[in-house]
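Reminder that position 119 of the sequence shown reads as 125 in the working numbering, one-by-one numbering, no gaps. Presented below is the structure to which this report refers.
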Amino acid sequence: MGRITKALKEETRQHIIETARELFTKHGYEQTKTKTIAKACGIAEGTLFNYFASKDEILITIFEAIGVDEVETSDLPSPIEMIMIQALHPIKRMNNLPRGMLFDLFIASLKLARKKPTLFHRLAALDLNYIEALTQTIERCTGTHDDPLSAKELSHMIYGVVAADFLFYLYHQDTNYQDFANQVKRKLNFLISTYFKEVKHVDSTEQGQ
């Protein structure tokens, strides 16, 4: 028997991810077993475990694929709009997934914190990457300022608003995505506008000295 090539391994891995995503969407995360995923892929369950240690890892991998990279916003006229686009970018991409799967990820994260810290750290890394990409966007918009509120601190505040409202959105099935997005935009607009007023105040104070 010939050796399985790297390309074939990656193809099988992606097939498992896409099949699992479809099954999670159709039947729910808790109701979908690894045996079911393997059967749908046409492989043995033991083969599936050569690629993923658990169903939890498959779920996390699906969300890692969403990404929290920095968005190209240089053509936008307003710094506030640039930061807003970056803040909502991952949420817009996550909205392509069923709300039930998003809620399953939240529940899984609570379990992983205690049972599987390595996987939980992978989830936490997604949040840290979000904050870092947001911080870079803010710094591009403001330049270097010795202001009392750093770009990193503003990123943490934005993260807190987006995360809290997104959790509320998951819990309340009667809230549609557009209503959620509009509510977050109003809050972020106030928060970011206040930040820029503070930055301008610091600049004018420094110039007057």
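Using N, Cα and C, we set each Cβ at its ideal position, and we do this for glycine too.
Asked: Thr200 burial status per 10 Å Cβ neighbour count (16 or more: buried); Found: exposed
Asked: Backbone secondary structure at Asp180 - three-state DSSP; Found: coil
Asked: Ala130 beta carbon less than 8 Å from that of Thr141; Found: no
Asked: Length of the line joining the Cα atoms of Thr38 and Glu28; Found: 10 Å
Asked: Candidates Lys98, Leu103, Ser161, Val168: closest to Tyr145 by CA position; Found: One point to set straight first is that residue 145 is Glu, not Tyr, in the sequence displayed. Nearest C-alpha to Glu145: Ser161.
Asked: Touch test, the segment 36-51 against the segment 82-101, Cβ-Cβ under 8 Å, three pairs minimum; Found: no
Asked: For Tyr136, three-class secondary structure by DSSP; Found: helix
Asked: Segment contact, 8 Å Cβ cut-off, at least three pairs: the segment 110-128 with the segment 55-68; Found: yes
Asked: Neighbour-count burial assignment, Gly173, 16 or more Cβ in a 10 Å radius; Found: What sits at residue 173 in the sequence shown is Leu, not Gly. Answer is exposed; the Cβ neighbour count stays below 16.
Asked: Among Gly149, Pro96, Glu17, the one whose alpha carbon lies nearest that of Leu224; Found: The shown model of the chain, from 7 to 215, leaves out residue 224, and the question about it has no answer.
Asked: When Ala93, Glu204, Gln179 are compared against Asn135, the one with the closest alpha-carbon; Found: Ala93
Asked: Continuous alpha helix (DSSP H) stretch holding Lys117: start and end; Found: 105-121
Asked: First and last residue of the uninterrupted alpha helix (DSSP H) at Gly278; Found: In the structure displayed, the chain extends from 7 to 215; residue 278 sits before or after that span and is not available.
Asked: Per-residue DSSP class, three states only, for Phe58; Found: coil
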